[in-house]
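The structure appears right after this line, and notes come after that.
Number of protein chains: 2
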Amino acid sequence: MQRARTEQAKDQRRNTLLHAALNEFFDKGFTAARMEDIAKLAHVSKGTLYLYFANKQDLFRALIEEIAVPTINLTSQEVLATKTGEQALQFLLQSIAHIIRNTPLPKLVKVIIADGKAFPELVTYYREQVLNRMFSLLETIITKAVEAKEWQCSDIPMTARLIIAPVIFSVVWRMVFESSNEQQNMLDLDALFALHTKHLLVILKVN
Amino acid sequence: MQRARTEQAKDQRRNTLLHAALNEFFDKGFTAARMEDIAKLAHVSKGTLYLYFANKQDLFRALIEEIAVPTINLTSQEVLATKTGEQALQFLLQSIAHIIRNTPLPKLVKVIIADGKAFPELVTYYREQVLNRMFSLLETIITKAVEAKEWQCSDIPMTARLIIAPVIFSVVWRMVFESSNEQQNMLDLDALFALHTKHLLVILKVN
DNA sequence: ATTAAATAACTGACTGGTCAGTTATTTAAT
DNA sequence: ATTAAATAACTGACCAGTCAGTTATTTAAT
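Structure representation (structure tokens):
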């Protein structure tokens, strides 16, 4: 086995272990996932896994804290750089579609739903750092568009939640109800989000 | 310990065990839930639990199959008995709000999300018997209202999914992100569904 | 440049505890 | 007295976490 001597190589290995852990926790759940299997997925021994994480709980905590937040930070900034409410909404939902398709975030969401009860502080962390920040971002977008007389909205916080609802729905659908080999139950993410956006603009736009 | 001698008493006991199991599976997940704790919750010994269910998997399967479907059957019929699309939509979302607040279905949904991967046939069962039936019901409602020139709709299947999205969202939110003692993160179910209904009617109604 | 010593990354067999499932025994009801 | 229900003690498979030993890599001396 090649050794990870430099800090960089260690970060790399740690990251490999975190992603192996995400896949095992996603497939089996916290309790049923085996430390040895996680190690095997990352091509190291169980002993090595314990050089990087003190125990199974620590590994789980690191997972939640290190995978979720980076993805969100990027998106927020880009969304706030747009000119109109319409542009912001369209850009946000397209970014989210991209995240759902191309990042491990949906698996992380499933893991939090499944095993969050054993780690209430992580549920709080995820709610604050990801979901409530999404809501705030949307509330900011709506408020700005209302002030610019572009949009009208009777209940901004609830509307923000209704905008996010299909995101959670599609994540749950893909992670749970779409078994790889059944074509007819696949959810067309782009069509769903396009129609959602269209509906929202009808509701929000002045006139 | 009192004995369950009649068929009725046995059904009663079986039901108590199923609900105890749902609570344990909901709190701990399939693997971490202990058969002895489930028995204790139902005020019987572990041995007695094994008189009613051959093993842990069987208990889990019985749970999914026996708790979900009865609730849905009732609602469908009542919804289809309404006159207009608007009435059907309002009645359906109010019924769902009632189910979310007063039945064990939301816990069951969480359990399926969490442990479904180990029981793919149950995920399929739930998708067909609950979710796809909900979609069909909504598609029927919309189609009827479109035919009656009450509503317009460009994509009926997708619209059905967008109607259900806040249901899944609110179930996940309540089961995962609302920890009992934090008032400020409580989701106002009635307000959410009322606004959702209002939005939908704006989109669907023919001028 | 070669090599021996030192270091630290890595390994996997082992242990202690846990828990699903079984069974011998007790208990309640008829 | 007989039977069926219930129990609690028991067994064995499983796995998180440990640690004594192994080996790749670096360092220092010639």
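Line order of the protein sequences matches chains F and Y. Here this note's numbering is used: the first residue of the first sequence is 1, the next is one more, and so on. Here this note's numbering is used: the first residue of the second sequence is 208, the next is one more, and so on. Even for Gly, the Cβ is constructed at its ideal location relative to N, Cα and C.
Secondary structure of F:K205, DSSP reduced to three states: strand
Proximal residues, the segment 143-161 of chain F versus chain Y, C-beta separation under 8 Å: S154, D155, M158, T159, R161
N-terminal and C-terminal residue of the alpha helix (DSSP H) that F:Q8 is part of: 7-28
Residue from Y:N309, Y:K324, Y:I307 with nearest C-alpha to F:K107: Y:K324
C-beta atoms of F:A20 and F:I38 nearer than 8 Å: yes
Residue of F:R174, F:L192, F:A194 minimising C-alpha distance to F:N185: F:R174
Under 7 Å from the C-beta of Y:H403: neighbouring residues of chain F: L162
Chain Y contact for F:N185 (CB, 8 Å cutoff): yes
Cβ-based burial, F:K110 [other Cβ within 10 Å; buried from 16]: buried
Partner residues on chain F for Y:R220, Cβ-Cβ distance less than 7 Å: None at all; the shortest Cβ gap to chain F is about 27 Å.
CB contact flag (Y:A398, F:M158, <8 Å): yes
Test: Y:R334 CB closer than 8 Å to a CB of chain F: yes
CA-to-CA distance, F:V130 to F:L41, given in whole angstroms: 28 Å
Residue-level contact to chain F via CB, Y:V379, 8 Å cutoff: yes
Residues of the segment 52-72 of chain F whose Cβ lies closer than 8 Å to any Cβ of chain Y, in chain order: none
Integer-rounded CB distance, given that Y:L256 should sit under 8 Å from Y:M242: 6 Å
Supposed contact pair Y:W358 and Y:K412 - C-beta distance, whole angstroms, cut 8 Å: 6 Å
C-alpha gap between Y:F400 and Y:T223, whole angstroms: 32 Å
Meets three-Cβ-pair contact criterion under 8 Å: the segment 276-286 of chain Y and the segment 138-148 of chain F: no
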